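Undergrad: Provided herewith is a single structure, encoded as structure tokens, for subsequent inquiry.
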Amino acid sequence: MKERIVSKTLLWDLSLLFVAMVWGGGFVVTKNALEVITPLYFLSLRFMIAGVIMAIIFLPKLKKASWQDVKNSCIVGVFLSLGFITQTFGANLTTPAKSSFITGLNVVLVPFIMIMFTKKFPGKKAVITAIVAFLGLSLISVNQQMIISPGDFLTFLCAIFYACHIVSIGYFANKTDAIVLATIQVLFAGVICTILAIPIEPVPVLAGISIWSGIFYSAILSTLLAFLIQNLAQRNTPSTHAAIILCLESVFGALASVLFWHESMTLKMILGCVLIFVAIIINEVDFKALLGKTSNEIEQKI
Numbered sequence: 069m070k071e072r073i074v075s076k077t078l079l080w081d082l083s084l085l086f087v088a089m090v091w092g093g094g095f096v097v098t099k100n101a102l103e104v105i106t107p108l109y110f111l112s113l114r115f116m117i118a119g120v121i122m123a124i125i126f127l128p129k130l131k132k133a134s135w136q137d138v139k140n141s142c143i144v145g146v147f148l149s150l151g152f153i154t155q156t157f158g159a160n161l162t163t164p165a166k167s168s169f170i171t172g173l174n175v176v177l178v179p180f181i182m183i184m185f186t187k188k189f190p191g192k193k194a195v196i197t198a199i200v201a202f203l204g205l206s207l208i209s210v211n212q213q214m215i216i217s218p219g220d221f222l223t224f225l226c227a228i229f230y231a232c233h234i235v236s237i238g239y240f241a242n243k244t245d246a247i248v249l250a251t252i253q254v255l256f257a258g259v260i261c262t263i264l265a266i267p268i269e270p271v272p273v274l275a276g277i278s279i280w281s282g283i284f285y286s287a288i289l290s291t292l293l294a295f296l297i298q299n300l301a302q303r304n305t306p307s308t309h310a311a312i313i314l315c316l317e318s319v320f321g322a323l324a325s326v327l328f329w330h331e332s333m334t335l336k337m338i339l340g341c342v343l344i345f346v347a348i349i350i351n352e353v354d355f356k357a358l359l360g361k362t363s364n365e366i367e368q369k370i
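Residue numbers (the working numbering): 69 to 370.
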């Protein structure tokens with residue numbers, strides 16, 4: 069029986085690893101797609117395709133949604149839209165590896181965004197991880213003239229909006245069904261991107277494998293499939309496992325950039341990436357609980 073539980077946990081851990089790989093690879097896919105399609109239309113297609121499919125799958129739940137549920141989901145959708153818009157415009161002006169690690173800063177920023185709701189100091193660990201993360205950001209992004217590039221700055225804004233998105237989900241999670249919240253926010257993000265794209269960007273010519281491979285990857289794999297796997301996996305695997313595995317998104321993003329986009333990594337940039345990754349891991353993992361659990365397991369064996 070115990071072996072079955074272990075094998076089941078391992079299976080879900082591997083599924084989360086797949087999600088981290090998909091999200092990491094998505095930085096290169098987005099970068100390549102933006103060479104043939106404008107950012108807002110790319111996001112519009114991504115979210116509308118994923119949102120419509122999710123709406124069809126979860127239609128029974130959506131029929132039961134109240135107007136308050138719709139309102140809550142749209143508020144969350146605003147932060148989702150702002151996060152992806154700044155990230156995608158930033159991706160046009162920076163490299164996939166830098167984009168992946170700077171985006172990962174959102175988990176470090178969450179405790180500070182939470183101050184607005186809890187009015188409580190986030191704690192020493194949050195401050196330490198923030199300092200380490202910003203040191204890493206400085207090494208990655210700040211040049212010799214002490215100026216951060218526009219692409220890296222937009223991606224940092226993206227990290228702030230993603231942090232707001234995470235906090236808003238936590239705030240509305242107990243007030244709105246999770247499936248309804250996810251589906252409507254994705255659809256709403258699609259609507260926002262479409263409304264913004266029409267007057268600003270030229271209508272894209274949707275022909276060629278480059279466009280559709282990028283749209284398919286981002287809509288089906290990165291949004292729809294990854295969302296479903298993540299929600300199912302986190303019901304069946306310890307949260308510490310999930311946190312560590314999903315943090316690997318940044319690592320996979322950097323590897324994909326080196327392998328498929330031929331990005332060269334300087335020693336300064338590698339050190340910055342390592343500092344950000346360490347900050348993310350420290351921020352996400354409850355080491356006291358983890359060490360306590362390990363101690364109990366050792367005592368039981370003795």
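All C-beta atoms, glycine included, are put in the ideal place defined by N, C-alpha and C. Everything numeric in this text was worked out from a predicted model, so none of it was measured.
Would you decide whether residue 122 is buried or exposed? Buried here means 16 or more other CB atoms lie within 10 Å of its CB.
TA: By the 10 Å Cβ count, residue 122 comes out buried.
Undergrad: Please state if the CB of residue 127 and the CB of residue 253 are separated by a distance shorter than 9 Å.
TA: In this structure, residue 127 does not lie closer than 9 Å to residue 253 by Cβ.
Undergrad: Rounding to the nearest angstrom, what Cα-Cα distance links residue 166 and residue 208 in this structure?
TA: 7 Å
Undergrad: So, using beta-carbon positions, are residue 245 and residue 158 closer together than 9 Å?
TA: no
Undergrad: What residue range is occupied by the uninterrupted alpha helix (DSSP H) comprising residue 317?
TA: Per DSSP, residue 317 belongs to the alpha helix (DSSP H) from 317-328.
Undergrad: Here's the rule I'm using: 16 or more other beta-carbon atoms within 10 Å means buried, otherwise exposed. How should residue 115 be labelled?
TA: Residue environment: residue 115 is assigned as buried (16 or more neighbouring CB atoms within 10 Å of its CB, all protein chains considered).
Undergrad: Opposite residue 216 in the DSSP bridges: which residues?
TA: 210
Undergrad: For the region 114-180, list the alpha helix (DSSP H) runs that are entirely contained and at least 4 residues long, ordered along the chain.
TA: 127-131, 135-159, 164-171
Undergrad: Counting pairs of Cβ atoms below 8 Å between the region 282-289 and the region 92-105, do you hit three or more?
TA: yes
Undergrad: Cα separation between residue 178 and residue 118?
TA: 26 Å
Undergrad: Rounded to whole angstroms, what's the CA-CA distance from residue 294 to residue 92? Just pull it up for me.
TA: 12 Å
Undergrad: Confirm, please, whether the CB-CB distance from residue 251 to residue 129 is below 9 Å.
TA: yes
Undergrad: For residue 274, does the count of other Cβ atoms within 10 angstroms reach 16, so buried, or fall short, so exposed?
TA: exposed
Undergrad: In its own chain, which residues sit with a C-beta less than 6 Å from the C-beta of residue 145, not counting the 5 before and 5 after it?
TA: 253, 256, 257.
Undergrad: Just reading off the alpha helix (DSSP H) that residue 255 is part of, what are its end residues?
TA: 246-268
Undergrad: For the pair the region 191-208 and the region 336-352, tell me if three or more CB-CB distances fall below 8 Å.
TA: Yes, the region 191-208 is in contact with the region 336-352.
Undergrad: Is the separation between the beta-carbon of residue 349 and that of residue 312 shorter than 9 Å?
TA: Yes, they are a contact pair.
Undergrad: What's the gap between the Cα of residue 133 and the Cα of residue 327?
TA: 45 Å
Undergrad: What three-state label does DSSP hand residue 93 in the structure shown?
TA: helix
Undergrad: Taking 8 Å as the limit between beta carbons, can you name the residues of its chain near residue 363, skipping five residues before and five after?
TA: Its pLDDT being 49, under 50, residue 363 is placed unreliably by the model, and nothing is read from it.
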